[in-house]
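So the sequence shown is residues 16 to 442, counted in this note's numbering. The beta-carbon is built from N, C-alpha and C at its ideal position, and this holds for glycine as well.
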Amino acid sequence: MDSFKIIGGQRLQGSIEISGSKNACLPMLAATLLLDGKGTLGNVPQLRDVDTILLLLRELGVDASQNGGDLTYEVTDQTVVEAPYDIVRRMRASICVLGPLLARRQAAVVSLPGGCVFGDRPIDLHLMGLRALGAEINMVHGSLVASVGAAGLRGAAIDLGSEFGSTVLGTMNVMMAACLARGETKITHAAREPEVVELIQFLNKCGAQISGAGTSTLTINGVEKLSACNYQIPADRIEAATLLIAGAITGGDITISNCIPSHLTAVTSALQQCGYNLEANGNEIRIDATSVSAVAHSIETAPYPGFPTDVQAQWMALCTQIDGDSRLTDHIYPERFMHVSELQRLGANLQREGNQVVAHGPCRLSGAEVMASDLRASAALVLAGLVASGETLIRRVYHLDRGYQKLEHKLRLLGANVQRVVDETSP
Ligand code: EPU
């Protein structure tokens, strides 16, 4: 298991390009199970999670080959319907194959992904939606065993609302199955995240009939068949937000390019509220944090277009360096605070109560050995390491490799002192 060694104290400067979006790419790859023929995806990020879903898709009869950011795909075997635990347990997004398998192969056996370090992650809404379309789903020996009768799937009215808002992957799973169901499906309280919109555009390009993208009501008219297409994955808005915060926390002046500023409004306006200077120009955003005396700004996570839960941990790292008290409330994942105790090891002054943390800033962080617990928590530790005095050693950065393409390389290009320490004992 590799580690990162960071010597803090450098102001970041320069320009860096954002990679393709993990959370847009993973469901789009799962959607290839629905398609006939050969297609390509461009700007595919090189990430551990992408490797994992490709492994799963190959098990399921998809011929996929990746060359840098270019990927070609074609389903060559429609007979396999089982997604094995050994792969599914590595990544919860594997649940996205359930809808496509049911719709295209009329059956699916998908292991339950299991627990998650930041709390309960139920899939009841996915199952409710698929059942409403006519699927029969049972739990057998830790796996979801699903099938559809001879009549196939048929359109239905499905409400995906919950106390947390909606469900991103649930909306995608149900929508993918509905594409090949007979008749009309109406999904209310659908997720509005850009990744859902992107999947809709991809599926429509393949011949699906989905309307309402970006709103909370989706109408899907089932079609007989979907054909593979060529599609370009958009920029990763969470990577973009993380790098903007890297610019802010180090008092730097950086420009991120190849991003979509409109996807980042919640984070960029929060940064502006703190006093940072931001400027969007086409697909670039510049943050100038030199000579800024930032002031505390509280955030509450919410479904898009609200402040993303996937940036809560990184925001906390930033709050440790800002004058005043900031309150961070996570309404989506009330337990997503694994980073708190590790940030405290670096000297952060944080107080947690339920789904809220108050960060008292500014405080001097000092380098220490810390452990990455999940993807975004790892990113928060990297950000803290960039400003901690001395050396910070972050263990288990394989979590970072799941969702950030060569983060250490990008940070080095901006002037940070970050080295990957390769674990020679790792297989
Ligand atoms: N929920 C239910 N029932 C369900 C599904 C979800 O109650 O059937 C609840 C969840 O417990 C949570 C809320 O609804 O409280 C939202 O969960 P959602 O289903 O939207 O999460 P997800 O689709 O499983 C995706 C991203 C996550 C991101 C969340 C929220 C991917 C692969 N994952 O997960 O990304 O945090 O949406 O925006 O797209 C990450 O990239 O680090 C990451 C965890």
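What does a CB cutoff of less than 6 Å around residue i pick up in its chain, not counting 5 residues either side in sequence?
i, result
"G35", "N58, V59, P60 and I248"
"H414", "A387, D389, L390 and S393"
"D78", "E89 and T91"
"V326", "A256 and V282"
"T67", "R105 and M106"
"N364", "H375 and C378"
"P349", "N370"
"A228", "V212 and I215"
"H354", "A328, A392 and A395"
How close, in whole Å, do the beta carbons of residue i and residue j come, if the pair is a contact with beta carbons under 8 Å?
i, j, result
"A39", "E210", "4 Å"
"L72", "T47", "7 Å"
"A161", "I152", "4 Å"
"G262", "L27", "5 Å"
"L44", "L69", "7 Å"
"T232", "T200", "Not quite, the Cβ-Cβ distance comes to about 11 Å (not below 8 Å), so this is no contact."
"I21", "V397", "7 Å"
"V310", "D338", "6 Å"
"S242", "D51", "5 Å"
"T316", "D345", "5 Å"
"V433", "T265", "Going by Cβ atoms, the distance from V433 to T265 rounds to 12 Å, so no, they are not a contact pair."
"E208", "Y319", "4 Å"
"I347", "W330", "Actually they do not touch by this definition, with Cβ atoms about 14 Å apart."
Is residue i near the ligand EPU, going by C-beta to nearest heavy atom under 6 Å?
i, result
"S18", "no"
"R391", "yes"
"F217", "no"
"A108", "yes"
"I275", "no"
"L86", "no"
"I347", "yes"
"P137", "yes"
"D174", "no"
"L140", "yes"
"F179", "yes"
"V183", "yes"
"N38", "yes"
"L56", "no"
"L469", "Past the boundaries of the shown model lies residue 469; the chain is included only from 16 to 442, so the question cannot be answered."
"T324", "yes"
Who are the near neighbours of residue i in its chain, counting only those whose CB is closer than 8 Å to its CB and skipping five residues on each side?
i, result
"D185", "With the sequence shown as reference, residue 185 is identified as Gly, and Asp is not the correct amino acid for it. Excluding sequence neighbours, G185 sits near I138, L140, H141, G144, L175 and A206."
"G198", "R169, G170, N236 and G237"
"S18", "L408, I409, R410, R411, V412, R435, V436 and D438"
"I102", "T67, L70, L71, E74 and S109"
"S404", "G23, G24, R379, L380, S381 and G382"
Under the rule that 16 or more other beta-carbon atoms within 10 Å means buried, what is residue i, buried or exposed?
i, result
"K240", "exposed"
"H312", "buried"
"S308", "exposed"
"E423", "buried"
"Q287", "exposed"
"S126", "buried"
"A172", "exposed"
"N296", "exposed"
"R367", "exposed"
"M190", "buried"
"G382", "buried"
"G157", "exposed"
"N188", "buried"
"E294", "exposed"
"V163", "buried"
"T324", "buried"
"T440", "exposed"
Taking only beta-carbon positions, decide if residue i is within less than 7 Å of chain C.
i, result
"A309", "Here there is only one protein chain, and chain C is not present."
CB-CB under 7 Å to residue i, same chain, minus the five flanking residues each way: which ones, in chain order?
i, result
"G54", "Y88, A243, C244 and N245"
"G321", "A281"
Give a single yes or no on whether residue i has its beta carbon closer than 6 Å to a heavy atom of the ligand FMN.
i, result
"A394", "Looking at this structure, you won't find the ligand FMN anywhere; what it does contain is the ligand EPU."
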